[in-house]
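Participant: Read in order, the letters of the sequence shown are residues 1 to 349 in the UniProt record's numbering.
Before I ask anything, let me first share the structure, which is written out below as structure tokens.
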Amino acid sequence: MLKKFFKMIKKENDLEQKENDLSQEKETVVEEKIEQSNDEEKPKLSLFGRLKQGLEKTRKGITEKVDTILKSYQKIDEELFEELEEVLITADMGVNTTMRIIEDLKDKVKEKKIKEVFEIRELLKEELKEILTDVESDNKINIEPSPAIILVVGVNGVGKTTTIGKLAYRLKKEGKKVLIAAGDTFRAAAIDQLQEWANRAGVEIIAHKEGSDPAAVIFDGIQAAKARKADVLICDTAGRLHNKKNLMNELNKIFRIVEREFSEATREVLLVVDATTGQNAIMQAKVFKEACDITGIVLTKLDGTAKGGVVLAVQSELNVPVKLVGVGERIEDLQDFDPQNFVEAIFAE
């Protein structure tokens with residue numbers, strides 16, 4: 001049965017990867033300007049309301065299917081658990097995470113002597129919350145005490161630039177003095193995009209010419225942050241994963257400079273991954289974890305996939321907390337990740 005799942009998952013991931021490749025080049029300054037006008041046109045929702053709205057596809061991909069299965073059974077049996085297993089795997093929770101969930105559900109059903117099928121729904125919610133909170137550190141971004149440095153890593157096209165811009169905007173609104181270092185010097189238009197975001201957020205940016213040494217940009221960013229007494233320095237980094245050896249060497253060089261020049265700063269290393277790429281996001285995360293001491297994960301484009309279960313797979317398989325999620329285009333749609341709210345939003349009526 002699992003072979004059928006794997007073939008189905010591979011086919012869906014291949015299609016999603018092709019779509020993602022086509023969309024990567026669309027992250028331009030023009031798009032950001034369009035987004036800015038959209039911010040003003042759309043009605044305001046509460047944080048939870050935006051989260052719920054952004055997870056609509058995931059809710060249909062998980063909860064609605066789970067509810068349909070539960071309604072079709074009169075008793076709790078092995079076949080019921082097999083159908084639930086299929087839903088969770090196809091929602092990109094990963095095989096290992098899914099197996100853990102199913103086994104825990106079976107154990108809880110026995111322990112609590114549950115007979116009613118509909119009670120499985122609440123047990124599943126509890127289990128997902130437990131997995132999402134079962135990490136060594138919490139889900140909050142750590143920028144205290146200041147000064148703080150946030151190094152943002154990830155492959156090109158996952159939404160690094162947008163994440164940096166939105167995070168800078170938010171921290172500035174919270175009263176922080178923010179500085180951006182444009183360390184992705186190899187991708188065409190990356191510096192221009194970040195400059196546009198810096199202007200929009202009202203923060204200063206340190207940038208060199210395209211093709212410059214990324215580590216030199218970070219060095220200058222650190223010196224500027226010290227001189228200008230910035231609370232937070234946010235650093236973009238190159239993301240050419242197809243050239244893995246060079247990329248890892250560049251990242252190691254950057255980390256050595258940070259350690260030497262800014263060792264007193266509170267440090268966050270955020271890995272940005274695109275939720276729509278499913279299991280590929282997990283593979284990317286594992287590669288970066290080999291080279292970096294990743295402290296948190298940013299999952300972007302959750303509003304664009306029915307497979308939001310990748311949140312559980314990424315966090316549980318890497319034992320690194322998800323700290324931010326992107327659930328829409330607006331600035332407010334880059335949210336702090338709250339495991340309780342995330343699960344409640346997926347299971348909301």
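Virtual Cβ for every residue (Gly too), placed ideally from N, Cα, C.
With DSSP run on the structure shown, which of helix, strand or coil describes R330?
Facilitator: Position 330 of the sequence shown holds residue 330. Looking at R330 - three-state DSSP - the assignment turns out to be coil, as it is neither helix nor strand.
Participant: Is the segment 195-206 touching the segment 169-176, taking contact as three or more C-beta pairs under 8 Å?
Facilitator: The segment 195-206, when compared against the segment 169-176, does touch it at the 8 Å Cβ threshold.
Participant: DSSP three-state call for Q335: helix, strand or coil?
Facilitator: Counted from its first residue, the sequence shown places residue 335 at position 335. Three-state DSSP puts Q335 in a strand.
Participant: Output needed for R59: all residues of its chain with C-beta closer than 6 Å, excluding positions within five of it in sequence on either side, in chain order.
Facilitator: Here residue 59 is taken as the residue at index 59 of the sequence shown, counted from 1. Hits under 6 Å: I346.
Participant: Thinking L271 and I131 are a contact (beta carbons under 8 Å), I'd like their distance in whole angstroms, please.
Facilitator: As a working note, residue 271 is residue 271 in the sequence shown. As a working note, residue 131 is residue 131 in the sequence shown. That pair is no contact at about 19 Å.
Participant: Would you mind giving the Cβ-Cβ distance between V87 and V66, rounded to the nearest angstrom? I have them listed as a contact below 8 Å.
Facilitator: Counting from 1 along the sequence shown, the entry for residue 87 is found at position 87. Counting from 1 along the sequence shown, the entry for residue 66 is found at position 66. 6 Å between Cβ atoms; contact.
Participant: Would the beta-carbon of P147 fall within 7 Å of that of A227?
Facilitator: Taking the sequence shown and counting its residues from 1, the one referred to as residue 147 is at position 147. Taking the sequence shown and counting its residues from 1, the one referred to as residue 227 is at position 227. No; because the gap between Cβ atoms is not below 7 Å, this pair is not in contact.
Participant: Among the residues of its own chain, which have a CB less than 6 Å from the CB of R343, if the five just before and after it don't count?
Facilitator: Within the sequence shown, residue 343 is the residue found at index 343, counting from 1. In the sequence on display, residue 343 carries Val and not Arg. Counting only Cβ-Cβ distances below 6 Å, and skipping sequence neighbours, we find K125, L128 and K129.
Participant: So for residue 401, helix, strand or coil by DSSP?
Facilitator: Here the chain has residues from 1 to 349 only, and residue 401 is not among them.
Participant: By how many angstroms is the C-alpha of D107 removed from the C-alpha of L324?
Facilitator: Here residue 324 refers to the residue found at position 324 when the sequence shown is read from its first residue. Here residue 107 refers to the residue found at position 107 when the sequence shown is read from its first residue. Rounded to the nearest angstrom, the two C-alpha atoms are 32 Å apart.
Participant: Roughly how many angstroms separate the alpha carbons of K289 and L105, rounded to a whole number?
Facilitator: Along the sequence shown, one-based indexing puts residue 289 at 289. Along the sequence shown, one-based indexing puts residue 105 at 105. If I take the Cα positions, the gap works out to 30 Å.
Participant: Can you tell me whether V272 is helix, strand or coil according to DSSP?
Facilitator: Start at 1 with the first residue of the sequence shown, and residue 272 comes out as number 272. V272: strand per DSSP, three-state reduction.
Participant: Start and end of the alpha helix (DSSP H) containing G239?
Facilitator: Position 239 of the sequence shown holds residue 239. Element bounds for G239: n/a, residue is neither H nor E.
Participant: Going by beta-carbon coordinates alone, are A181 and V158 separated by less than 7 Å?
Facilitator: Translated into the one-based positions of the sequence shown, residue 181 becomes position 181. Translated into the one-based positions of the sequence shown, residue 158 becomes position 158. Their beta carbons are not under 7 Å apart, which means A181 does not touch V158 by this criterion.
Participant: According to the neighbour-count rule (16 or more other Cβ atoms, all chains shown, within 10 Å of its Cβ), is E250 buried or exposed?
Facilitator: Taking the sequence shown and counting its residues from 1, the one referred to as residue 250 is at position 250. A residue is called buried when at least 16 other Cβ atoms come within 10 angstroms of its Cβ; E250 meets this threshold and is buried.
Participant: Could you spell out the range, first to last residue, of the beta strand (DSSP E) harbouring I205?
Facilitator: Indexing the sequence shown from 1 puts residue 205 at position 205. E204 to I206 is the extent of the beta strand (DSSP E) around I205.
Participant: With a cut-off of 8 Å on the beta carbons, I'd call T185 and E210 a contact; round off their distance for me.
Facilitator: Here residue 185 refers to the residue found at position 185 when the sequence shown is read from its first residue. Here residue 210 refers to the residue found at position 210 when the sequence shown is read from its first residue. The Cβ separation is near 6 Å, so the contact holds.
Participant: Give me the Cα-Cα distance between K110 and E79, rounded to the nearest whole angstrom.
Facilitator: Residue numbering aside, residue 110 sits at position 110 when the sequence shown is read from its first letter. Residue numbering aside, residue 79 sits at position 79 when the sequence shown is read from its first letter. Taking the straight line from one Cα to the other gives about 16 Å.
Participant: Bridge partners for T300 per DSSP, in chain order?
Facilitator: Counting from one through the sequence shown, the residue named residue 300 turns up at place 300. For T300, which the question treats as bridged, DSSP gives the partners D274.
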